[in-house]
Amino acid sequence: MCGIVGYIGQNDAKGILLNGLARLEYRGYDSAGIALLNQDGIQMTKVKGRVAVLEEKADEGISGSLGIGHTRWATHGVPSIINAHPHQSGTGRFIIVHNGVIENYEALKREYLKDVSLISDTDTEIIVQLMEKLFERFQDTRTAFCETMKLLKGSYAIAMIDAEDRNTLYVSKNKSPLLIGIGEGFHVVASDAMATLKETNRYLEIHDEEVVLLTSDTVTIQTLTGEELERESYTVELDLSDIEKGTYSHYMLKEIDEQPFVLRRIIEEYQDENNGISIDPAIRIAMQQADRIYIIAAGTSYHAGLVGKGFIEKLAGIPVEVHIASEFNYNMPILSDSPLFIFISQSGETADSRAVLVQIKKMGFPALTITNVAGSTLSREADYTLHLHAGPEIAVASTKAYTAQLAVLVLLAVDTAETKEVTLDFDPIRELAIAANAIEVLTDQKETIENLARDYLTTTPNAFFIGRSADYYVAMEGALKLKEISYIQAEGLAGGELKHGTIALIEEGTPVIALATQVYVNYSIRGNVQEVAARGANTLIISMDGLNEENDALVLPEIHELLAPLVSVIPLQLLAYYAALHRDCDVDKPRNLAKSVTVE
Ligand code: F6R
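Right under this line is the structure:
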């Protein structure tokens, strides 16, 4: 959600900003803009729509060696050029880009900006107008910037230019991600290192409620009260090939295909020299001490949590509750005496999950984050972290992060069982390796799956996914994948629930996709398929070798039943991908969605 790029140095900033914004497109946005400062003053270009359009428009000869850029995902005010960032103060002296939400913007407007006529509907404009007011009072940009930050409540990542000073870029953050990139004779600012990896792989963290002043050669970090701080830089272990599409037409397809490698990498990362599982001993103790686990997550990560509950309960014998992050704080269940909270989040930045983390930390409970992004907010603020090692996931629709989440959850469950000396007839390393091979078999069947997508999903307005037991959770994930990228209205249901209402929606030709990978419900899910087929549904069964019957559309290679959700999700990801492709949808950047959802 929203992206920031900034540059100060000797070169022209325009290309760096535009390239950086293009790399942040995956986060989701609906308008974009850049501002550059040169000897003639500020030059600004903003568009509603894609960075490619901004690029065309910015071609009109603007330049400058100090600049800021932004992709905006609308929160306050519709997507429009007026609401797009950067925003400028009344006199035009201060120019700002901002990610996050200023919770007290109405109060600030009433108290400080009664006499200012605002141009946009954004909370961001309040910040820059406030900056100008405080500059009038303090007559010093650094002081006014710090005083402005002190007044803000909510989340923000901010980069600001003072049009009277071509040598300084002002930066601050609170709860929203922002990094400083360090180069030879230049500095960059980015919401995500991916945006500026071409420029540098050395980065510096900014902590909440800090202000950073950048020149081409210096970085000054200070608290809002002016105390200067020292900080070591670190090297980002990413290379450009991790974040480029290569020969693929879409990131989503590349990421679907990467899943076997991700599983093998997870095995490598979590295997010890005796072929056992290697997990931080502190996490082991936390798991052992928990009398109940509360999994908190959203979207696809929530679906992974539902499957993970089965792993932990069946293997480690600890009761687990899975909660939607955005509901938890308003509907908190009665908690057990010794709970452990597990936050599952690909991005590690989901604001709804963070709100729960903040709340449960206040209550004094321990938290473990399972995430793909080292150094993300949920990782930093939890007591423990398990990394997914899935590599950057750039397509908005999550695929490889989901399978990685399941893999890490099963390893955690088995490790906990072992520390509790439970004897298991299940070798997770072996079974994950078998699952990786099975995924490879499926990703080689793209043509078959594309044909199914064409036959079942090209013109339909809706679709249903059904399953029982663990297949039900995968059905929910399949429905989410399909709706988010193809815009087909889709629902994932427990097979047994159909007849309690939803079957009323089944008409001649309605697609119903059923999963049949669980032995003890095989008979009953097939019964549910019969019920909808009798009412005209266009049914498609995905089963597993050993449980298959004649006319099943796709038969998955046999794998351990517990791990079936890692494999049965693959055809559903591919069905969604091809359905979106055939319906001419923007697969990697679906409308209205953002990759990391940093507002509640
Ligand atoms: C769906 C998808 C979302 C995310 C959700 C949580 O494909 O990507 O549903 O799973 O927004 O995001 P994270 O996992 O980053 O907390």
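Quick note on numbering: the sequence shown equals residues 121 to 720 in the numbering used here.
Ideal Cβ positions, reconstructed from N, Cα and C, are used throughout, including at glycine.
What is the DSSP secondary structure of residue i, reduced to helix, strand or coil?
i, result
"Ser185", "coil"
"Leu254", "helix"
"Arg646", "helix"
"Phe485", "coil"
"Asp503", "coil"
"Ser688", "helix"
"Ala610", "strand"
"His207", "strand"
"Lys365", "coil"
"Gln693", "helix"
"Pro439", "coil"
"Ala636", "strand"
"Lys295", "strand"
"Asn582", "strand"
"Asp535", "helix"
"Pro380", "helix"
"Arg322", "strand"
"Pro548", "helix"
"Val173", "helix"
"Ser473", "helix"
"Val652", "helix"
"Gly587", "strand"
Report, in whole angstroms, the separation of the C-beta atoms of residue i and residue j, which I expect to be a contact under 8 Å.
i, j, result
"Glu597", "Val689", "6 Å"
"Val331", "Met269", "6 Å"
"Ala315", "Lys293", "Wrong, their Cβ atoms sit about 15 Å apart, outside the cutoff."
"Arg147", "Ser644", "Arg147 to Ser644, Cβ: 42 Å. No contact."
"Ala590", "Gln638", "6 Å"
"Thr288", "Leu333", "6 Å"
"Tyr354", "Thr420", "The pair is not a contact, with the Cβ atoms about 29 Å apart (cut-off 8 Å)."
"Leu572", "Ala673", "6 Å"
"Ala417", "Ser458", "About 21 Å; that fails the 8 Å criterion."
"Tyr371", "Ala515", "4 Å"
"Ile201", "Lys168", "6 Å"
"Leu660", "Pro631", "7 Å"
"Ile376", "Ala533", "With 8 Å as the limit, Ile376 and Ala533 do not qualify as a contact, their Cβ atoms being about 25 Å apart."
Give every residue of the same chain whose Cβ lies closer than 7 Å to the Cβ of residue i, excluding the five residues on either side of it in the sequence, and list them in chain order.
i, result
"Gly305", "Gly129, Gln130, Ser336 and Asp337"
"Ala95", "With the chain covering only 121 through 720, there is no way to say anything about residue 95."
"Ser456", "Asp411 and Arg412"
"His205", "Gly153, His190, Arg192, Val217, His218 and Thr244"
"Tyr504", "Asp400, Ala402, Ile403, Ala406 and Leu488"
"Ile555", "According to the sequence as given, residue 555 is Ala; it is not Ile. Around Ala555: Leu383, Ile679, Leu683, Leu686 and Val687."
"Gly197", "Asn203, Ser240, Asp241 and Thr242"
"Arg351", "Leu324, Glu325 and Ile341"
"Leu137", "Val125, Tyr127, Ile154, Gly187 and Gly189"
"Tyr232", "Leu250 and Lys253"
Who are the Cβ neighbours of residue i in its own chain at under 6 Å, not counting the five residues just before and after it?
i, result
"Ala142", "Val171"
"Val308", "Tyr127, Gly301, Thr316 and Glu319"
"His423", "Tyr593, Met596 and Glu597"
"His680", "Glu551"
"Ile387", "Ile549 and Leu552"
"Val478", "none"
"Leu506", "Ile490 and Val528"
"Val641", "Arg588 and Ser589"
"Ser499", "Gly468, Thr489, Thr491 and Thr505"
Checking the sheet assignment: what are the DSSP bridge partners for residue i?
i, result
"Ile397", "Gln391"
"Arg143", "Per DSSP, none; premise fails for Arg143."
"Asn658", "Pro631"
"Ala417", "Ile444"
"His307", "Ile128 and Ile302"
"Gly123", "Thr191"
"Phe265", "Bridge partners of Phe265: none, in fact."
"Ile464", "Ile490"
"Lys168", "Ser151"
"Met596", "DSSP output for Met596 lists no bridge partner at all."
"Asn219", "Ala277"
"Glu107", "Outside the shown range of the chain (121 to 720) lies residue 107, about which nothing can therefore be said."
"Met89", "The chain is shown from 121 up to 720; residue 89 falls before or after that span and cannot be answered."
"Asn158", "Gly161"
"Tyr354", "Tyr323"
Ignore the nearest five residues each way along the sequence and tell me which others in residue i's own chain have a CB closer than 8 Å to its CB.
i, result
"Gln408", "Thr536, Thr539 and Lys540"
"Asp362", "Gly511 and Pro512"
"Tyr390", "Ile397, Ser398, Ile399, Val528 and Leu531"
"Val339", "Ile300, Ile302, His307, Leu324, Val332 and Leu333"
I want to check one thing, is the minimum distance from the CB of residue i to the heavy atoms of ligand 3 below 7 Å?
i, result
"Glu447", "For ligand 3, the structure offers nothing, since it holds only ligand 1."
Under 5 Å from any heavy atom of ligand 1, by CB: list those residues in chain order, please. One residue after another in chain order, those with a Cβ under 5 Å from a heavy atom of ligand 1 are Ala418, Gly419, Thr420, Ser421, Ser465, Gln466, Ser467, Thr470, Ala517, Ser518 and Val717.
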